[in-house]
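Trainee: To start, I am sharing the structure in question, which I have written as structure tokens.
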Amino acid sequence: EPEVTQTPSHQVTQMGQEVILRCVPISNHLYFYWYRQILGQKVEFLVSFYNNEISEKSEIFDDQFSVERPDGSNFTLKIRSTKLEDSAMYFCASRSNSGNTIYFGEGSWLTVV
Amino acid sequence: AQSVSQHNHHVILSEAASLELGCNYSYGGTVNLFWYVQYPGQHLQLLLKYFSGDPLVKGIKGFEAEFIKSKFSFNLRKPSVQWSDTAEYFCAAGTGNAGNMLTFGGGTRLMVKP
Numbered sequence: 001e002p003e004v005t006q007t008p009s010h011q012v013t014q015m016g017q018e019v020i021l022r023c024v025p026i027s028n029h030l031y032f033y034w035y036r037q038i039l040g041q042k043v044e045f046l047v048s049f050y051n052n053e054i055s056e057k058s059e060i061f062d063d064q065f066s067v068e069r070p071d072g073s074n075f076t077l078k079i080r081s082t083k084l085e086d087s088a089m090y091f092c093a094s095r096s097n098s099g100n101t102i103y104f105g106e107g108s109w110l111t112v113v
Numbered sequence: 001a002q003s004v005s006q007h008n009h010h011v012i013l014s015e016a017a018s019l020e021l022g023c024n025y026s027y028g029g030t031v032n033l034f035w036y037v038q039y040p041g042q043h044l045q046l047l048l049k050y051f052s053g054d055p056l057v058k059g060i061k062g063f064e065a066e067f068i069k070s071k072f073s074f075n076l077r078k079p080s081v082q083w084s085d086t087a088e089y090f091c092a093a094g095t096g097n098a099g100n101m102l103t104f105g106g107g108t109r110l111m112v113k114p
């Protein structure tokens, strides 16, 4: 079964540093998403991306966050200046144009110290 | 704003016991409903989904869920659980464009004792 893959699986970074989380969505999918889950809390929607632009974003997705599809396969989430409260598991997900099921990656654990 | 609540945070069952996990959502418009499962160390996997039609939906691994519009509920059931069902279960409601901005419940950790 095709999978969404994410790298790194775990990253530790110092407060104020920039972080880029990478995702390779399923190859024929056109809708891409980032979600996050702070330890002990709910999985929260961050942003959806379609046709090379953001289609929806939540209040969490402020100016320190950005997404990009730099080439035909990768989908990245950048956090410009990390804060302690950005520590969370970040999930990438994708969906095909015709289907309605969202497929999730295994997540990237970000720890900000 | 939409919200999803799961009433049981932790459930412990013995093998062969029946399972029902509660899920209620709050949203006035058309909503798509999902149950995802996360096995230890793995990614979120779709168990089943409801978009329209028959309110009783069957998913993988013997799970089913019933959409009751009047109760705003989408409870997950399995008649006989196995040790391998030990996992965390998330209910989610999809809204927004194409119904895929998911709002998740807090999750229910299920432990099945062998």
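Chains as they are written, first to last, in my numbering: chain A, 1 to 113; chain B, 1 to 114.
C-beta atoms are modelled at their ideal positions from N, C-alpha and C, and glycine is treated no differently.
Would you call the region 16-34 of chain A in contact with the region 47-67 of chain A, where contact means no fewer than 3 C-beta pairs closer than 8 Å?
Mentor: Enough Cβ pairs lie closer than 8 Å, so yes.
Trainee: Could you name the residues of the region 71-90 of chain B whose beta carbon sits closer than 7 Å to any beta carbon of chain A, in the order they occur along the chain?
Mentor: For the region 71-90 of chain B, which is checked against every Cβ of chain A, the residues closer than 7 Å are F90.
Trainee: Quick one: does V43/A have its CB under 8 Å from some CB of chain B?
Mentor: Closer than 8 Å to some Cβ of chain B, the Cβ of V43/A qualifies, so yes.
Trainee: Given Q45/B, which residues of its chain have a CB within under 6 Å of its CB, disregarding the five upstream and five downstream residues?
Mentor: V37.
Trainee: For K58/B, return the contacting residues in chain A, with the cut-off set at a CB-CB distance below 9 Å.
Mentor: None at all; the shortest Cβ gap to chain A is about 15 Å.
Trainee: Provide the residue(s) that pair with W34/A in DSSP beta bridges, ordered along the chain.
Mentor: Paired residues: V47/A, C92/A.
Trainee: Is T30/B buried or exposed, if buried means 16 or more other CB atoms sit within 10 Å of its CB?
Mentor: Exposed, since its Cβ has fewer than 16 Cβ neighbours within 10 Å.
Trainee: Should F108/A be labelled buried (16 or more other beta-carbon atoms within 10 Å of its own) or exposed?
Mentor: Looking at the sequence provided, one finds Ser at residue 108/A rather than Phe. That one is buried.
Trainee: So what's G94/B in DSSP terms, helix, strand or just coil?
Mentor: If DSSP states are grouped into helix, strand and coil, G94/B belongs with the strands.
Trainee: So, T108/B versus V11/B, is the Cβ gap smaller than 8 Å?
Mentor: In this structure, V11/B lies closer than 8 Å to T108/B by Cβ.
Trainee: Please state whether the Cβ-Cβ distance between H43/B and F104/A is less than 8 Å.
Mentor: In contact: H43/B and F104/A (Cβ atoms closer than 8 Å).
Trainee: Using the beta-carbon count (16 or more within 10 Å), is W35/B buried or exposed?
Mentor: That one is buried.
Trainee: What's the call for S27/A, buried or exposed, on a 16-neighbour Cβ count within 10 Å?
Mentor: Burial call: exposed.
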